[in-house]
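Undergrad: Below is the structure I would like to discuss, written out as structure tokens.
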Amino acid sequence: MNPVLYQGIQPGGQLTITTEVENYPGYPDGIQGPEMMVEFENQAKRMGADIRYGLATKVDFSVRPLRVEIDEEKWIQANSVIISTGASAKWLGLESEQRLNGYGVSACAVCDGFFFKGKEVAIVGAGDTAAEEALYLSKICSKVHMIVRRGEMRASKIMQARVLKTGNIQVYWHSETDEVLGDKKVDGVRIKNNETGEKTEIPVSAFFVAIGHEPNSGIFKGFLDMDEAGYLLTVPGTSKTNIEGVFASGDVQDKIYRQAVTAAGSGCMAALDAERYLSEKELH
Ligand SMILES: Cc1cc2nc3c(=O)[nH]c(=O)nc-3n(C[C@H](O)[C@H](O)[C@H](O)COP(=O)(O)OP(=O)(O)OC[C@H]3O[C@@H](n4cnc5c(N)ncnc54)[C@H](O)[C@@H]3O)c2cc1C
Numbered sequence: 044m045n046p047v048l049y050q051g052i053q054p055g056g057q058l059t060i061t062t063e064v065e066n067y068p069g070y071p072d073g074i075q076g077p078e079m080m081v082e083f084e085n086q087a088k089r090m091g092a093d094i095r096y097g098l099a100t101k102v103d104f105s106v107r108p109l110r111v112e113i114d115e116e117k118w119i120q121a122n123s124v125i126i127s128t129g130a131s132a133k134w135l136g137l138e139s140e141q142r143l144n145g146y147g148v149s150a151c152a153v154c155d156g157f158f159f160k161g162k163e164v165a166i167v168g169a170g171d172t173a174a175e176e177a178l179y180l181s182k183i184c185s186k187v188h189m190i191v192r193r194g195e196m197r198a199s200k201i202m203q204a205r206v207l208k209t210g211n212i213q214v215y216w217h218s219e220t221d222e223v224l225g226d227k228k229v230d231g232v233r234i235k236n237n238e239t240g241e242k243t244e245i246p247v248s249a250f251f252v253a254i255g256h257e258p259n260s261g262i263f264k265g266f267l268d269m270d271e272a273g274y275l276l277t278v279p280g281t282s283k284t285n286i287e288g289v290f291a292s293g294d295v296q297d298k299i300y301r302q303a304v305t306a307a308g309s310g311c312m313a314a315l316d317a318e319r320y321l322s323e324k325e326l327h
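Printed below as a string of structure tokens:
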């Protein structure tokens with residue numbers, strides 16, 4: 044086959060903005076995210092992938108071959124398309140949050156919780172993911188300070204009850220993050236009670252943001268089925284979308300696991316599904 048990969052605005056994807064990756068198989072000592080992605084790229088190139096700069100700006104999946112517009116400039120054609128456009132974590136938008144990103148600020152407790160074993164950490168968010176991540180952190184960290192904007196959580200009743208009965212999770216209701224504190228790394232968070240205006244500083248070693256993710260699926264609206272949050276829907280156990288020959292893998296279709304190894308695994312499924320589709324149609 045002749046796979047062509049367009050990389051979009053973040054070549055290498057989300058792992059290029061992290062430091063140590065400890066949980067990808069094959070790296071017993073861990074590896075820096077950007078370094079790992081260079082290795083992935085070199086391996087794909089060695090196998091013949093044609094890796095290009097460019098952003099897919101529009102698609103037309105109503106015709107054969109399928110059509111993808113690149114950089115609003117040119118249209119390319121393909122017999123099959125695999126979508127792996129990922130998902131982006133939502134951030135609060137504070138300058139300190141951005142400055143300390145990777146130095147104690149993280150949007151992934153499962154990825155980074157381990158680095159703060161035995162320490163006090165904070166987490167902001169109130170949905171099911173935030174509740175799950177707070178519970179996960181409570182097993183690793185000595186104390187979890189959970190910052191919740193309203194007087195209740197959006198998380199399901201069961202998740203909320205589990206959080207509230209966990210001894211080392213302290214919930215701060217009606218609270219917003221005023222500032223993440225620290226010069227070179229996180230050493231605290233200042234929160235503000237949005238009812239009383241009172242500000243409190245909490246010493247913590249890490250600040251986890253769990254206010255949701257946004258799948259990068261906007262350009263596929265109108266062609267591909269997606270859930271209410273915009274995650275692409277695939278036939279369970281496969282990478283098949285509702286359009287024949289179009290497959291989806293990685294975080295853009297996975298709102299549960301969102302890990303490098305699961306993204307890579309589903310990418311492998313998509314490659315095999317695409318190869319079988321092309322063989323069946325005698326297109327390669
Ligand atoms: C800070 C951080 C730390 C993390 N640490 C870990 C960890 O330690 N271990 C772990 O397993 N997971 C970790 N993760 C999660 C992991 O990075 C993701 O699960 C994984 O990268 C998902 O891979 P993906 O290929 O689906 O998407 P992404 O990595 O998001 O890649 C998407 C790619 O699609 C491109 N793209 C998007 N839109 C377009 C378009 N329109 N046209 C062309 N290209 C486009 C982007 O430029 C990007 O290259 C971390 C995530 C973050 C944010």
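Using my numbering, the letters of the sequence shown map in sequence onto residues 44 to 327.
A virtual CB, placed ideally from N, CA and C, is assigned to each residue, including glycine.
1. Do Val187 and Ala37 come within 7 Å of each other at the CB atom, strictly closer than that value?
2. Could you give the residue range of the beta strand (DSSP E) that holds Gln213?
3. Tell me the start and end of each unbroken alpha helix (DSSP H) in the stretch 231-314 that is at least 4 residues and wholly inside, in chain order.
4. Under a three-way DSSP split, which group does Glu219 fall into?
5. Is the separation between the beta-carbon of Leu135 and that of Thr220 shorter than 7 Å?
6. Can you tell me whether DSSP reads Val206 as helix, strand or coil?
7. Under 8 Å Cβ to Cβ from Arg205, same chain only, skipping five residues before and after it: list those, please.
8. When the Cα atoms are used, what is the spatial distance from Asp103 to Val252?
9. At what residue ranges does the stretch 105-149 contain a whole run of the beta strand (DSSP E), taking only runs of 3 or more?
10. At what residues does the alpha helix (DSSP H) containing Tyr96 begin and finish?
11. Take Ile41 and list the residues in its own chain whose beta-carbon comes closer than 6 Å to its own, dropping the five residues that flank it on each side.
12. Quick one: Cα of Tyr70 to Cα of Val304, how far?
13. Less than 8 Å between the CB atoms is what I'm expecting for Leu321 and Asn45, so what's the real figure, rounded?
14. I want to know whether the stretch 225-243 touches the stretch 278-296 - three or more CB-CB distances under 8 Å.
15. Of the choices Cys154, Leu137, Thr61 and Tyr49, whose alpha-carbon is the least far from that of Trp118?
16. Applying the criterion that 16 or more other CB atoms from any shown protein chain within 10 Å of the CB defines a buried residue, is Lys283 buried or exposed?
17. Could you say if the stretch 228-247 and the stretch 180-195 meet the contact criterion of at least three C-beta pairs nearer than 8 Å?
18. Looking only at C-alpha atoms, which of Ile254, Arg319 and Lys200 sits nearest to Ala152?
19. On the DSSP letters alone, give me the boundaries of the alpha helix (DSSP H) that Tyr49 sits inside.
20. Report the rounded CA-to-CA distance for Ser139 versus Ile183, giving the unit in angstroms.
21. Could you compute how far the alpha carbon of Ile94 sits from the alpha carbon of Thr281?
TA: This is what the structure gives:
1. Examination of residue 37 is not possible in this model, given that the chain is present from 44 through 327 alone.
2. Ile212 to Tyr215
3. none
4. strand
5. It is a contact, given that the beta carbons lie within the stated cut-off.
6. helix
7. Ala174 and Leu178
8. 36 Å
9. 109-113, 117-121, 124-126 and 130-132
10. Where Tyr96 is concerned, there is no enclosing alpha helix (DSSP H), given that its DSSP letter is neither H nor E.
11. This structure cannot speak to residue 41, because the chain is shown only from 44 to 327.
12. 12 Å
13. The Cβ separation is near 11 Å, so there is no contact.
14. no
15. Tyr49
16. Classification for Lys283: buried.
17. Two segments are said to touch when three or more pairs of C-beta atoms, one from each, lie closer than 8 Å; by this definition the stretch 228-247 touches the stretch 180-195.
18. Checking every option, the nearest Cα to that of Ala152 belongs to Ile254.
19. Element bounds for Tyr49: not the alpha helix (DSSP H) but the beta strand (DSSP E), Val47 to Tyr49.
20. 25 Å
21. When rounded, the distance between both Cα atoms is 25 Å.
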